[in-house]
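Chains as they are written, first to last, in the working numbering: chain A, 1 to 370; chain B, 1001 to 1221.
Just so it is clear, CB atoms sit at the ideal spot from N, CA and C, and this is done for glycine as well.
Scroll down for the structure; my scribbles are underneath it.
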C-alpha cells in the first residue's frame, strides 16, 4: 500500500464527507465554467457579427462602446478603392425600442450586405430591403416576439416600417435583431453620414498592416484592428470576460470552503489514527502530504463532476428556444486550465490549516484524546 | 546500553502536574523489563519519553546509542528502532489487517515486496495469516492485538515498547498474546520494555522495575 492508496482509502471510507466536499467544488467549477461559457459565448456571437466575411474592423479611436463609435460612411468607399481591400461594409449598431420591447438590437446595413445572404429567408425577399422601400428585415426570434410578419408593418422607435422579410440567422444577436437599410437607420438615429464600424475584407495576398498604415495616414481619428486584436482590446469584451472569471472565481472559493470544512472534519475525526501514523514513523511532512493528497483528490473528483455538469447544463440551456444562438457551449482549454488551476489552488489552500493541524499533532496527547 | 534514561523530569500543564520526577532506567540490549506500578505512576509517560513521543523537561534519554533530542532522531527511531504496542490495538477499522500492517513500511519508504514478505512471515508467526485480507472491524479482540504486534514488528525494530498490551483482552487471549510476545522477542534477541500492573505478566519478564509517584525504585538499574 502506498501513501496514495492510503489517501484513496481514507476518502472511500468517509464517502458522504468526501461527496459533500467534492459537491462544493463541483458546484464551483460548474458555476465558473457555465458563467465563463455563457459570457464567452455571447462575446463570440458579437465577434461573429463583426467578422462576417471580413478580417479588419475600422472604428473610432478611444470609444468605450461600439454604439458610440462614429465613422464617416465615405471611409468605406475610400477603402474599397484601395488595392489591398476587396470589400468594405459600413455597419451602424443601435438599440431601438418596439412596443413591449424596450431593447431591440438594430443593425443598419447596406442592402447588399452579405449577412442577408447567409440567413435562411423564411418570409419575404431581399428585393424589398431597399432604401426606397424603407423596409426592415427581422430575425426569426425578433419576428416572433414582436409578432410581425413579412408584408405587415412594425413600430420601431419613432416610425412605422414595412416588414420586408424574416430571416433565420445562426447568431443569436442577429436572430433576435432588426436589420434596417443603412440610410433609414441613420435618419432614425440622427446619424446621417455615419456608421459604427466599417468591416474590411482584404484582397488576396494583402495584409491588415496595409489597412492600418492607410488609416494612420488618412484618418487619424479612426483605428483599424484585426478581428482578433479587436476581441482582445475591446473594453466591453474585457469587462465581460473579467466579470465571468470573477463571478466564477467567487463561486469556486465558496466551493473551496467546503473542502476546508471536509478536511477539518476529516482530521478531527481521526486524530488517534493520525497519532498512530506518527507512532508508526510518519513524519510531519508525510502527514501533511496525506492531507493535501486527500484534498487534491476531493478537488479532482469535484472538478470532473463540475465540468460534466457545466457541459450538460450549457447544452441544456442551448436547447431553450429563447436562448438559441446566444450560447456557445464549447469550453475552451483556457477555461479548463483556469478551472483546474483554481481547483488545485482551492485544494491546497483548503487543506492548509487541516494539514498544519494534523502535522503538528502531538501523538502522545492525541492518543489520550477522547 | 540499549536504553538509558537518566534523571528525567516530565510535567504537564505548565509544570503544575509532575508525572516523572527524576526517573532513571537502564536496559541492556536483549533485556526484557517490566515496568510495574499503579495507574498514574508514570509508566506510559516513561514509554512515551523513551520513544520520543513526549519531550522531557530535563534529563537524558538515549536509545540505541542516540540522544532523543530532536524530531529527525525521533522519526528515525520510530521508523527503524522502536516498535510500539498499545493497550488498545489502534488499528484503522476500515483498512484490512494487511493494509494496517504496511503503514510502518510506507512511513519508512520501504519496498513493498520486502514489506509483504515480512508481513507474511510475522502473520504466520502470530497466527493471523488467514486474516490479513479482513477488515479490522471483522476481527476478534485477540486477532486485533496480534495484528498490532505484527505492525509494531514490521520494520524489524530492535526495541519493542508495550503499554499494557494485553490489558483489553480476556483471560484466555491475554495469556496467548503475551506468550507470543515473549516468544517473538526472545527468539529474535530484541529488547522489550513492558508497562503492566499485572504481577503475573511482570513475573515472566527478566527484570521488574517498580515505579511509584513518578520515580523508579532502585534507580531503575
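{"Query": "Beta-bridge partners of residue 1025 of chain B, as assigned by DSSP", "Result": "B:1005"}
{"Query": "Residue ranges of each alpha helix (DSSP H) within the stretch 162 to 217 of chain A, 4 or longer", "Result": "172 to 175, 182 to 188"}
{"Query": "Chain B contact residues for residue 297 of chain A, given Cβ-Cβ distances below 9 angstroms", "Result": "The contacting residues do not exist; residue 297 of chain A stays about 16 angstroms from chain B at best."}
{"Query": "Inter-residue CB distance, residue 1063 of chain B and residue 1079 of chain B (contact presumed, cutoff 8 angstroms)", "Result": "Actually they are not in contact, since the Cβ atoms of residue 1063 of chain B and residue 1079 of chain B sit about 13 angstroms apart, beyond 8 angstroms."}
{"Query": "Own chain, CB closer than 7 angstroms to residue 69 of chain A, minus 5 neighbours either side, in chain order", "Result": "59, 60, 63, 196, 197"}
{"Query": "Anticipated Cβ contact below 8 angstroms, residue 1029 of chain B with residue 1191 of chain B, distance rounded", "Result": "6 angstroms"}
{"Query": "Beta-carbon contacts of residue 286 of chain A that lie in its chain and below 8 angstroms, excluding the five residues immediately before and after", "Result": "3, 277"}
{"Query": "Euclidean distance between Cα positions of residue 309 of chain A and residue 359 of chain A", "Result": "35 angstroms"}
{"Query": "For residue 153 of chain A, the residue or residues it bridges with in DSSP", "Result": "A:162"}
{"Query": "Closer than 7 angstroms to chain A by CB, residue 1048 of chain B", "Result": "yes"}
{"Query": "Nearest residue (CA-CA) to residue 189 of chain A, options A:306, A:147, A:95, A:317", "Result": "A:95"}
{"Query": "CB contact below 7 angstroms: residue 269 of chain A versus chain B", "Result": "no"}
{"Query": "DSSP state of residue 249 of chain A mapped onto helix, strand, coil", "Result": "helix"}
{"Query": "Minimum C-alpha distance to residue 109 of chain A - residue among A:137, A:318, A:305", "Result": "A:137"}
{"Query": "Sub-7 angstroms separation of residue 12 of chain A and residue 171 of chain A beta-carbons", "Result": "no"}
{"Query": "Sub-7 angstroms separation of residue 240 of chain A and residue 39 of chain A beta-carbons", "Result": "yes"}
{"Query": "Limits of the alpha helix (DSSP H) - the one that residue 353 of chain A falls within", "Result": "333 to 359"}
{"Query": "Closer than 7 angstroms to chain B by CB, residue 279 of chain A", "Result": "yes"}
{"Query": "Residue range of the alpha helix (DSSP H) that includes residue 7 of chain A", "Result": "3 to 12"}
{"Query": "Proximal chain B residues relative to residue 3 of chain A, where beta-carbon distance stays under 7 angstroms", "Result": "1106"}
{"Query": "Nearest to residue 1205 of chain B (by Cα), restricted to the options B:1186, B:1114, B:1011", "Result": "B:1186"}
{"Query": "Residue 166 of chain A and residue 236 of chain A closer than 7 angstroms at C-beta", "Result": "no"}
{"Query": "Spatial neighbours of residue 1237 of chain B in its chain, beta-carbon cut-off 7 angstroms, leaving aside the 5 residues before and after", "Result": "For chain B, the structure presents residues 1001 to 1221; residue 1237 of chain B sits outside this window and is missing."}
{"Query": "Supposed close pair residue 26 of chain A, residue 302 of chain A - CB separation, criterion 8 angstroms", "Result": "4 angstroms"}
{"Query": "Proximity of residue 17 of chain A and residue 265 of chain A at Cβ, strictly below 7 angstroms", "Result": "yes"}
{"Query": "Distance, residue 1087 of chain B Cα to residue 1167 of chain B Cα", "Result": "6 angstroms"}
{"Query": "With 16 other Cβ atoms within 10 Å as the buried cut-off, status of residue 192 of chain A", "Result": "exposed"}
{"Query": "Segment contact flag, the stretch 343 to 359 of chain A with the stretch 253 to 267 of chain A, C-beta cutoff 8 angstroms, min 3 pairs", "Result": "yes"}
{"Query": "Through-space distance from residue 249 of chain A to residue 28 of chain A, alpha-carbon basis", "Result": "8 angstroms"}
{"Query": "Among A:204, A:199, A:205, the one whose alpha carbon lies nearest that of residue 227 of chain A", "Result": "A:199"}
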